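Enquirer:
Residue numbers (the working numbering), protein chains in the order written: chain A, 6 to 345; chain B, 6 to 345; chain C, 6 to 345.
Have a look at this one:
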């Protein structure tokens with residue numbers, strides 16, 4: 006299984022500079038690539054490796070200014086790389102359709118065709134597993150929940166009752182969908198629980214990483230909009246609405262009833278307060294704490310988060326307080342002298 | 006299943022202003038409520054919806070000053086709402102008592118009456134499952150551990166050996182109780198593990214969210230006090246003692262041997278250092294990092310956390326450093342001129 | 006089962022001061038210790054308990070200056086304590102070798118001798134379980150993965166396909182090894198997933214806490230170096246390389262392609278950016294956000310993290326801005342007066 010550079014360039018709609026007959030048998034990271042391997046350059050931090058790599062060829066951006074024996078210029082080098090990666094290292098085989106003997110499936114559950122249900126999977130009353138869905142070992146689908154067509158639920162996932170996963174949804178291991186929202190009221194006698202009776206809707210083409218927790222709504226649903234991609238260990242509170250095509254990176258938490266627009270990027274370890282709005286296309290830098298609405302298209306940073314430029318200036322300013330103190334001391338001295 | 010406003014007012018011990026014969030069939034959030042639905046107003050951010058909602062009636066605080074066709078004044082609108090929510094949307098049926106054939110239960114385990122043990126649940130030697138306890142699919146209860154009466158363990162929970170869960174404890178999916186505390190000692194040869202031989206005690210009426218980790222003590226126990234409520238993805242280190250009726254919000258971590266008093270509120274993504282004391286009734290604002298003792302009844306904020314008012318002033322001050330620099334430059338200029 | 010202080014002193018290679026014939030039957034924390042129990046003093050915060058404890062004896066550092074009826078001076082009091090803890094409270098029995106009837110083991114899996122495979126464990130095609138490995142209930146080992154000799158996998162763990170766990174590796178419950186790295190590319194049409202085809206290598210003597218997520222590499226592997234110890238709820242991104250004998254504390258996240266040297270300590274709730282290098286022996290204080298390379302042997306703190314001394318000075322400076330403002334106001338007043 007090998008391809009010539011000419012074939013690869015065609016495959017990714019790229020412009021080859023170099024030897025079109027050279028053959029490639031595998032992909033590799035630029036810092037480790039050897040002859041016969043193709044790599045890519047996207048992050049400028051790795052540009053230095055162009056000089057030392059032994060890669061057969063490198064995917065680069067159209068305006069790349071460096072030099073290498075074989076280059077393929079493309080719009081998006083990472084995406085081009087991704088395509089040949091898919092070619093040289095095809096996806097591990099997905100399970101053959103079939104239902105494990107050790108699965109526990111309620112009589113009233115509705116099962117589509119060509120589904121895979123792994124060992125010890127538990128599917129409760131009136132749950133619906135649509136065509137070609139895959140549910141791997143030791144996962145749980147509660148009463149009345151739905152797993153959409155061609156969805157892929159990895160091992161040890163828990164989906165509580167009355168949650169709706171749409172088509173082509175991927176859920177990684179250990180994730181919990183539909184646990185109770187955090188709703189309590191302090192009373193004179195102690196703490197009273199607010200019933201959590203809404204559900205969770207995960208729209209099509211969503212991917213949710215490992216060990217996330219997506220709480221059900223109090224009334225109404227928690228919603229993850231279509232095409233959004235969540236990393237690992239993320240908390241989504243009750244009645245949160247996340248728009249479509251959002252990136253939400255690891256260990257971020259979004260508090261109850263907050264609304265996140267479309268195309269939003271939230272980096273890792275961010276905290277978002279409850280009952281606020283994050284506008285379409287907004288970006289939230291890593292580890293920020295967002296305490297109020299974020300305007301569409303803006304980038305916010307730090308804690309409490311504010312417009313990124315201002316936050317960066319604040320940080321620079323902090324690091325110069327000592328200098329400022331010295332200056333003030335100097336002025337004080339001068340004034341003393343003038344008075345004296 | 007419908008109620009008149011008069012019946013509802015009576016149910017929640019409220020004062021009705023409006024048409025007592027109007028009927029309500031369901032609950033809804035104020036921004037979406039339609040005729041025949043009742044809503045509530047607690048968070049002032051939602052007061053604007055009083056003008057646009059179609060709710061049949063709204064629960065409001067006793068001193069609410071706005072106007073609406075049907076109001077029910079109560080001490081705690083959220084709690085009143087919670088009561089009618091419970092009425093209109095009753096809890097999903099809890100599993101009928103019974104023990105799944107696919108459960109693995111050690112001969113020496115002691116089982117109470119009217120318990121539910123779901124598919125693939127594993128209960129090891131000498132564990133005790135008390136009356137009316139519910140343990141859902143694929144959960145694990147280790148040797149010598151106890152699940153108290155009327156407790157509810159959701160799917161895919163792991164309880165290690167020698168942990169004691171008291172009455173009416175709820176544990177959500179994916180949570181791990183009793184994993185080893187993080188205790189090691191660096192030596193000349195590498196790293197030596199400190200054995201973790203204590204246990205975990207979860208007192209009555211505690212609720213622990215999804216994918217939390219509650220470590221066992223080194224010697225002595227880690228304790229979660231009665232009535233405390235933990236959200237999701239929370240880390241509780243070895244030998245931590247949490248008092249009663251605490252709120253601990255998502256993604257918070259409490260380091261080993263720290264003591265948290267009664268009635269404490271710890272907001273989301275807070276980190277608390279080890280070996281410190283958080284006094285009764287203290288409040289820790291979201292994303293704070295607490296590095297030293299917190300006095301009872303005080304509120305702390307930011308990182309490193311300090312008394313909230315001071316932290317807020319610090320943040321305001323940071324945002325005005327540029328201004329201060331300008332002022333200093335101006336004075337410098339003036340001095341130059343005076344000298345010149 | 007009791008020991009004289011003389012026997013204990015010998016066991017831990019310590020210098021006894023006091024009554025060598027006194028007997029000890031158990032261990033206890035210094036603040037709770039009673040007669041017949043031995044304790045230790047390492048953290049100076051606990052020195053005050055030397056006056057109030059009833060411990061039979063205390064392990065102290067060689068240069069301890071206080072006074073107590075029976076002291077055993079040692080290099081490392083915690084480690085000495087750990088040894089007698091192991092003696093008085095031996096490890097709970099590990100499971101007898103055997104394979105549960107309810108385990109699902111692929112025909113092509115390769116099983117060593119003296120292994121324990123608990124109930125409902127699923128082991129897929131071509132996985133290798135080496136001698137004396139223990140895999141507890143409801144865990145999953147994917148196709149082609151390896152669990153090394155004498156490794157201990159707790160309940161409800163998920164190991165995806167093609168991950169290699171070396172000898173004597175411990176994985177706590179709920180942890181996920183080998184889920185997809187977070188790799189996507191925004192395109193005009195939405196979001197394209199970058200295939201994640203690398204693996205995870207966990208070297209010998211590694212311990213990973215509960216509910217962690219260790220992502221597989223895109224190409225190439227994510228590596229946890231030998232002897233490193235991870236706490237709970239930790240995220241390790243794709244292609245991260247962690248060196249040997251590192252401490253990584255709870256709720257920390259390390260972004261993709263970052264390299265962590267040997268002997269590094271990363272405290273709790275730290276975030277580390279992607280594509281950076283943390284040098285050997287570096288220390289990262291709790292809750293820090295590391296955005297750029299960290300030099301070997303240095304300690305960094307705060308967010309954005311910088312050299313600890315500088316960060317601490319920054320924090321002190323912030324808390325004195327009000328004072329500085331007052332001073333500037335005073336100078337302004339003086340200048341006014343001088344001009345006037």
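Ideal Cβ positions, reconstructed from N, Cα and C, are used throughout, including at glycine.
Given the structure is predicted, the values throughout are model-derived calculations rather than measurements.
Assuming residue 20 of chain B is part of the beta strand (DSSP E), what are its boundary residues?
Expert: On the second chain, position 15 is the one that residue 20 of chain B refers to. Looking at the DSSP string, the run of the beta strand (DSSP E) that includes residue 20 of chain B is 20 to 22.
Enquirer: Which term fits residue 53 of chain C, buried or exposed, when burial requires 16 or more other beta carbons within 10 angstroms of its beta carbon?
Expert: Against the third chain, residue 53 of chain C aligns to sequence position 48. Exposed, since its Cβ has fewer than 16 Cβ neighbours within 10 Å.
Enquirer: At which residues does the alpha helix (DSSP H) containing residue 219 of chain B begin and terminate?
Expert: As a position in the second chain, residue 219 of chain B is number 214, starting the count at 1. Careful: residue 219 of chain B lies outside any alpha helix (DSSP H), inside the beta strand (DSSP E) at 218 to 220.
Enquirer: If we count Cβ pairs, one from each stretch, closer than 8 Å, do we get three or more for the segment 205 to 212 of chain C versus the segment 221 to 230 of chain C?
Expert: yes
Enquirer: Closer than 8 Å by beta-carbon distance: list the chain B residues that pair up with residue 322 of chain A, in chain order.
Expert: One-based indexing of the first chain puts residue 322 of chain A at position 317. Result: 323, 326, 327 and 330.
Enquirer: Which residues in the same chain have their Cβ closer than 7 Å to the Cβ of residue 346 of chain C, if we skip the five residues on either side of it in sequence?
Expert: Missing from the structure shown is residue 346 of chain C; chain C here goes from 6 to 345 and no further.
Enquirer: Which residues mark the beginning and the end of the beta strand (DSSP E) in which residue 335 of chain A is found?
Expert: The sequence position of residue 335 of chain A within the first chain is 330, counting from 1. Under the DSSP assignment, residue 335 of chain A falls outside any beta strand (DSSP E), being part of the alpha helix (DSSP H) whose first and last residues are 326 to 344.
Enquirer: Nearest-angstrom Cα distance between residue 274 of chain C and residue 257 of chain C?
Expert: Position 269 of the third chain, counted from the first residue, corresponds to residue 274 of chain C. Position 252 of the third chain, counted from the first residue, corresponds to residue 257 of chain C. Looking at the two C-alpha atoms, the distance is approximately 4 Å.
Enquirer: Sort A:40, A:26, A:19 and A:21 by Cα distance to residue 8 of chain A and report the nearest one.
Expert: Taking the first chain and counting its residues from 1, the one referred to as residue 8 of chain A is at position 3. Of A:40, A:26, A:19 and A:21, the residue nearest in Cα terms is A:26.
Enquirer: Starting from residue 85 of chain C, follow the alpha helix (DSSP H) in both directions and report where the run begins and ends.
Expert: Locating residue 85 of chain C in the third chain gives position 80, counting from the first residue. Taken as a continuous stretch (DSSP letters only), the alpha helix (DSSP H) holding residue 85 of chain C covers 82 to 93.
Enquirer: Please report how far the alpha carbon of residue 241 of chain B lies from the alpha carbon of residue 181 of chain B, in whole angstroms.
Expert: To locate residue 241 of chain B, count along the second chain from 1; it is residue 236. To locate residue 181 of chain B, count along the second chain from 1; it is residue 176. Each residue's Cα considered, the two are about 11 Å apart.
Enquirer: Considering only residues of the same chain and omitting the five flanking positions on each side of residue 47 of chain C, which have a CB-CB separation below 7 Å?
Expert: Walking along the third chain from the start, residue 47 of chain C turns up at place 42. 82 and 83, listed in sequence order.
Enquirer: Using a Cβ cut-off of 9 Å, pull out every chain A residue sitting near residue 248 of chain C, in sequence order please.
Expert: The count along the third chain starts at 1 and reaches residue 248 of chain C at position 243. Per Cβ cutoff of 9 Å: no residues; residue 248 of chain C is ~17 Å from chain A at best.
Enquirer: For residue 161 of chain A, which residues from the same chain have a beta carbon less than 8 Å from its beta carbon, with the 5 sequence-adjacent residues on both sides left out?
Expert: One-based indexing of the first chain puts residue 161 of chain A at position 156. If we look at residue 161 of chain A and ignore the five residues flanking it on each side, its Cβ neighbours are 142, 143, 144, 178 and 179.
Enquirer: Can a CB atom of chain A be found closer than 8 Å to the CB of residue 26 of chain B?
Expert: Translated into positions along the second chain, residue 26 of chain B becomes position 21. By this cut-off, residue 26 of chain B is not an interface position.
Enquirer: Using a Cβ cut-off of 9 Å, pull out every chain C residue sitting near residue 84 of chain A, in sequence order please.
Expert: Mapped onto the first chain, residue 84 of chain A falls at position 79. Under the 9 Å cutoff, chain C gives 190, 192, 197 and 199.
Enquirer: Is it true that the CB of residue 272 of chain B sits closer than 8 Å to the CB of residue 254 of chain B?
Expert: Here residue 254 of chain B is taken as the residue at index 249 of the second chain, counted from 1. Here residue 272 of chain B is taken as the residue at index 267 of the second chain, counted from 1. Going by C-beta atoms, residue 254 of chain B is nearer than 8 Å to residue 272 of chain B.
Enquirer: Can you give me the Cβ contacts of residue 350 of chain C inside the same chain, cut-off strictly under 8 Å, excluding the 5 residues immediately before and after it?
Expert: A query on residue 350 of chain C cannot be resolved here, the shown segment of chain C reaching from 6 to 345 and no further.
Enquirer: As a quick exercise: from B:62, B:79 and B:66, pick the residue whose alpha carbon is nearest that of residue 73 of chain B.
Expert: Stepping through the second chain from its first residue, residue 73 of chain B is reached at position 68. Closest by alpha carbon: B:62.
Enquirer: If the cut-off is 7 Å on Cβ atoms, which residues from the segment 149 to 175 of chain B count as contacting chain C, listed in chain order?
Expert: Along the segment 149 to 175 of chain B, going in chain order, the ones with a CB nearer than 7 Å to a CB of chain C are 161, 163 and 166.
Enquirer: Just to confirm before moving on: does the CB-CB distance between residue 184 of chain C and residue 316 of chain A stay below 8 Å?
Expert: Against the third chain, residue 184 of chain C aligns to sequence position 179. Against the first chain, residue 316 of chain A aligns to sequence position 311. Not a contact, by the Cβ cut-off of 8 Å.
Enquirer: Between which two residues does the beta strand (DSSP E) carrying residue 16 of chain B extend?
Expert: The count along the second chain starts at 1 and reaches residue 16 of chain B at position 11. Counting along the chain, no beta strand (DSSP E) covers residue 16 of chain B; the unbroken alpha helix (DSSP H) around it starts and ends at 10 to 16.
Enquirer: Evaluate contact between the segment 285 to 292 of chain C and the segment 300 to 318 of chain C, counting only Cβ atoms and requiring at least three cross-stretch pairs below 8 Å.
Expert: Yes, the segment 285 to 292 of chain C is in contact with the segment 300 to 318 of chain C.
Enquirer: Three-state secondary structure (DSSP) at residue 282 of chain C?
Expert: Mapped onto the third chain, residue 282 of chain C falls at position 277. Strand at residue 282 of chain C.
Enquirer: So residue 34 of chain B contacts chain F; which residues on that side make the cut at Cβ distance below 7 Å?
Expert: Among the chains of the structure shown, chain F does not appear; the protein chains present are A, B and C.
Enquirer: Between which two residues does the beta strand (DSSP E) carrying residue 62 of chain C extend?
Expert: Taking the third chain and counting its residues from 1, the one referred to as residue 62 of chain C is at position 57. 62 to 66 is the extent of the beta strand (DSSP E) around residue 62 of chain C.
Enquirer: Kindly indicate if chain A contains any beta-carbon less than 8 Å away from that of residue 340 of chain C.
Expert: Stepping through the third chain from its first residue, residue 340 of chain C is reached at position 335. With 8 Å as the cut-off, residue 340 of chain C counts as an interface residue toward chain A.
Enquirer: List the endpoints of the continuous beta strand (DSSP E) containing residue 168 of chain B.
Expert: In the second chain, counting from the first residue as 1, residue 168 of chain B sits at position 163. Its beta strand (DSSP E) spans residues 168 to 170.
Enquirer: Report the three-state DSSP secondary structure of residue 198 of chain B (helix, strand or coil).
Expert: To locate residue 198 of chain B, count along the second chain from 1; it is residue 193. It is a strand residue.
Enquirer: Looking at chain A, which residues of the segment 93 to 108 of chain C have a Cβ within less than 8 Å of any of its Cβ atoms?
Expert: 107
Enquirer: Using a C-beta to C-beta distance shorter than 8 Å, which residues of chain C count as neighbours of residue 343 of chain A?
Expert: One-based indexing of the first chain puts residue 343 of chain A at position 338. Against chain C, a Cβ distance below 8 Å from residue 343 of chain A picks out 343.
Enquirer: In whole angstroms, give me the CA-to-CA distance for residue 14 of chain A and residue 67 of chain A.
Expert: If you number the first chain from 1, residue 14 of chain A lands on position 9. If you number the first chain from 1, residue 67 of chain A lands on position 62. Each residue's alpha carbon lies about 13 Å from the other.
Enquirer: Using a Cβ cut-off of 8 Å (strictly closer), state whether residue 236 of chain B contacts chain C.
Expert: Your numbering for residue 236 of chain B matches position 231 in the second chain. No, residue 236 of chain B does not count as interfacial toward chain C.
Enquirer: Figure out for me which residue from A:50, A:154, A:152 and A:33 has the closest Cα to the Cα of residue 59 of chain A.
Expert: The residue labelled residue 59 of chain A in the question sits at position 54 within the first chain. With distances taken between Cα atoms, residue 59 of chain A lies closest to A:33.
Enquirer: I'd like the span of the beta strand (DSSP E) that includes residue 42 of chain A, first residue to last.
Expert: Against the first chain, residue 42 of chain A aligns to sequence position 37. 42 to 45 is the span of the beta strand (DSSP E), which, as asked, contains residue 42 of chain A.
Enquirer: Less than 6 Å between C-beta atoms, sequence neighbours within five positions excluded: which residues of the same chain meet that for residue 276 of chain A?
Expert: Counted from its first residue, the first chain places residue 276 of chain A at position 271. If we look at residue 276 of chain A and ignore the five residues flanking it on each side, its Cβ neighbours are 258 and 294.
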